[in-house]
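For the sequence shown, my numbering gives the first residue as 113, with consecutive numbering after it. Ideal placement from N, C-alpha and C gives every residue a C-beta, glycine not left out. Note that the structure is a prediction, hence the values are computed from the model and not measured.
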Amino acid sequence: MSVYLVSKLEAEKKKRAQVVLGVSLLVVAIFSISVIFFQLLLRNERIEIESHITEVAKQSAQAANIMIAGDFQTLALYAHLLEKNPQSIDKSNVDKCLEKAIVNTRFLSMAIAYPDGQARIYDSRKGFFPYQNVKSFRYFQSAIKGKNFVDFINNYYDEDKLIVLFAIPLKSNGKVIGVLTASQRVSDFINAIDITAFNDQAVVHIIDDEGHLILRDTSPKTVLKSSIFENDEVNDNVRKEALKATNPVSYWFKDENGVKKVAAFVPLGYNNWKVLAILPFSSINHNTKMVLRYAILFFLLINTLVVIAARYNWIVRQRSDNMIMDLALQDDVTNSLNKASFYIESEKMLLKTDIEEEPLALLTMDIDNFKVINEVYNVKKGDKVLRDIAKIISKAVAENGIYARLNDDNFAILMKYDSDEDLIDFVDGITGELANYKLNIKLIPSFGIFKISDRSLTINAMCDRASIAKRTIKGLVGERYAFFDESLSKAILEDKQIEDEMKQALEEHQFEMYLQPKISMATMKPCGSEALIRWNHPKKGLIPPYKFIPLFERNGFVVEVDKYIWEEACKTIRKWLDEGKEPLPISVNLSRIHFKYDDLVDVIQGLVQKYNVPQKYFELELTESAFLDNEGAVNSTLIRLQQLGFTIAMDDFGVGYSSLNMLRKLPVNVLKLDRGFINEATCTERGFIVLNHVIHMAKDLKATVVCEGIETEEQAETLKNAGCDIAQGFLYAKPMPVKDYEDYVYNHKGAYSK
């Protein structure tokens, strides 16, 4: 067992010696927590009580609103009927009208008041009352102005009893011609809002916006007098704030008998009234006491269980130490070593191995696009594949080393070897086993190999170096392994720095468009240009394209850079047009990765429309390899672009995959020949014949021929003799900033002469 594990177990033994002290402290802590818990329990109980009494007030308010709205609706219905028949409210007909109207209602009385204030009142029990002048009454003054009115007032024939009085305007052709009133028994209203709750201990009142009780709960539980401000146990400001609130609020107070209570205020929809519900704290105290008793018993039980559990833990932990250590050092998917145990066991292996006599190598391995397995099948199937891979590695390593699953589909192997061939044979063996694995998706591994020569490096640093080597072959067809050397580390760091800065560089316009002129072989004058990118770093100066373009193509950032150059080209052409200059076409790069996106045509067309640039000035260059990814989709995209007026050029024709037959398939307007054609044509007669035929075949297919990389007069003469249309190269001009290109073209500095 490693020194690390021994020290770990010793620490565990010391911890056991402290268990008794820990248990004692825990018991004290539990009692302390229990006190805090009881306080929180009381606090939560208060909050719950406030919530309940607020709910009682809300229900009462809802009942009051429903009752008031219903009575207003009934009164409005009769008003509508009266307004349709104005003669019915004439004094000669009013008695019959009122007597008939009240029959089908629950109103105690109804009345009609005329604009002069004279009112005819009919009571369902007392009959008709003589005309009374109500002009000074609030309900008449409000309704005659067109406003509905409701209030609790003394009965006109029994001032010791309250009634609920409703009043609404009577109108004819939009003009108020009288007032219709109706009264309701207060007892009916009280019964509607009296919500039975908390063993009928809650009382409900209605108060006005100054805190005066305008409708009191009639139960003997009521101790408030005429206002909620009579008691000075609570600061008046607290109660005033409660009265101003537009949402339900609550507060605690003691009544004149010293009884602790909670009050809840809920707004009504009329006259700034509020429902006030009050509940004594004593009504719920028995529940709280019961909860506290149970809580005390619970904490005593917890203390007892803690002591028992501590004793049990003392016994069980001794037995489980080995099991815990095994689990801590084992990968839960493959049952192989995990990352932590691999580092430990690797250190042990290094300590007992003389690497000069028995060389050691650390390999990291993963499966290309392993996540596809989880996506196509499921995670369970992916785990099964990982276990099978671990078995294959285990069989290959045998007694020669150790291996582990680090994470995901990443494995690490530390093994002895005699020569590089041993390591390559090891890689080939695993690769062959995985190639024969029965799965619809191919398992293609990538290996990074670090040959250990410096024992001072940590295992983590060794894994990093192996992973750096492995990263260099990602995406390379047929490459399964790579050995680490220091130059790789430097290159990876440079790539990392570039990736860290590339987005900021794009945002800050550090990338610049350079233009390399194209020369017409007929006139020997500029006839267009190719847009090239330069990175003008604020600290490092100009960074060569070969330092970042291959990386951008690997990580996909080339898409953003290409779009940036497209837009710069559009801006430049637009500038020339605005200056009255005849633009020369600019050809821009179209990387193969763009064809993975369905919106390619829309993006390009959108740019030229944004800057109002004719498509004829915009030439799109792509390499022949782009056609090999998905020939059908690429062809259809290019045809759409051609139909919109764009010129399509094939760059680097003659590199890697070219065939004359492909000229027949490709929908291109321009064929750019690689400099390899030119070099061969100037050296051998056979090369010239091939060049000559390729150019003439392209012309037969109506394609313009451009030769790039022209550096000598001899090459230029050869091209001219072969019938080439356009030449491009250092012989004529290097790539240059846009301003220099403008001088070259428009200030007549670009004419080429021998």
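Taking the C-alpha atoms as reference points, what is the distance between residue i and residue j?
i    : j    : result
F365 : T166 : 15 Å
I159 : Q151 : 12 Å
K208 : V316 : 39 Å
F377 : A389 : 7 Å
V850 : G744 : 36 Å
G718 : Q727 : 11 Å
N205 : L282 : 16 Å
K582 : F595 : 8 Å
A188 : L380 : 20 Å
V140 : Y406 : 19 Å
L441 : N450 : 6 Å
Y489 : K496 : 11 Å
T358 : A231 : 37 Å
H192 : A173 : 28 Å
E459 : L535 : 21 Å
D714 : V720 : 10 Å
F523 : L475 : 8 Å
For residue i, does the three-state DSSP call read helix, strand or coil?
i    : result
Y84  : This structure cannot settle anything about residue 84, because the visible part of the chain is limited to 113 through 866.
E368 : coil
K608 : helix
M848 : strand
N245 : strand
N648 : strand
C819 : strand
L325 : strand
P695 : coil
D837 : coil
A314 : coil
E468 : coil
Does the beta-carbon of residue i have 16 or more other beta-carbons within 10 angstroms, so that it is buried, or is it exposed?
i    : result
E457 : buried
Y251 : buried
T416 : exposed
P242 : exposed
K708 : exposed
L623 : The sequence shown places Phe at residue 623, not Leu. Per the 10 Å Cβ criterion, buried.
V374 : buried
E825 : exposed
K483 : exposed
C795 : exposed
P650 : exposed
R351 : buried
N369 : exposed
Please confirm whether residue i and residue j have their CB atoms less than 8 Å apart.
i    : j    : result
R704 : A681 : no
V782 : A815 : yes
I275 : L220 : yes
I604 : I580 : yes
I631 : C639 : yes
W678 : I716 : yes
G821 : I790 : yes
I571 : A473 : no
M762 : V780 : yes
A169 : V387 : yes
N362 : E162 : It is Ser, not Asn, that sits at residue 362 in the sequence shown. Yes. Within cutoff.
I280 : P227 : no
V817 : A810 : yes
I698 : S748 : no
A213 : V246 : no
Y549 : D480 : no
F278 : A294 : yes
A547 : I561 : no
Y455 : P629 : no
K507 : E470 : no
S568 : R592 : no
G513 : L498 : no
W647 : F660 : yes
L732 : V700 : yes
Would you please verify whether the beta carbon of residue i is less than 8 Å from any beta carbon of chain B?
i    : result
A173 : Among the chains in the structure shown there is no chain B, since it carries only a single protein chain.
Is the beta carbon of residue i within less than 7 Å of some heavy atom of the ligand SAM?
i    : result
N833 : Only the bare structure without any ligand can be found here, which leaves the ligand SAM out of the picture.
Contiguous alpha helix (DSSP H) assignments of at least 4 residues, all confined to the stretch 184 to 238: With a minimum length of 4 residues, the continuous alpha helix (DSSP H) runs that stay inside the stretch 184 to 238 are 206 to 214.
Segments of 4+ residues assigned as alpha helix (DSSP H) that fall wholly inside the stretch 476 to 507: Correct list: 483 to 488.
Run through the stretch 516 to 577 for me and flag every whole beta strand (DSSP E) of 3 or more residues, listed as ranges in chain order. Whole beta strand (DSSP E) segments, 3+ residues: 522 to 528, 557 to 563.
Inside the stretch 590 to 639 only - beta strand (DSSP E) runs reaching at least 3 residues: Listed in chain order, the complete beta strand (DSSP E) runs (minimum 3 residues) inside the stretch 590 to 639 are 593 to 595, 623 to 632.
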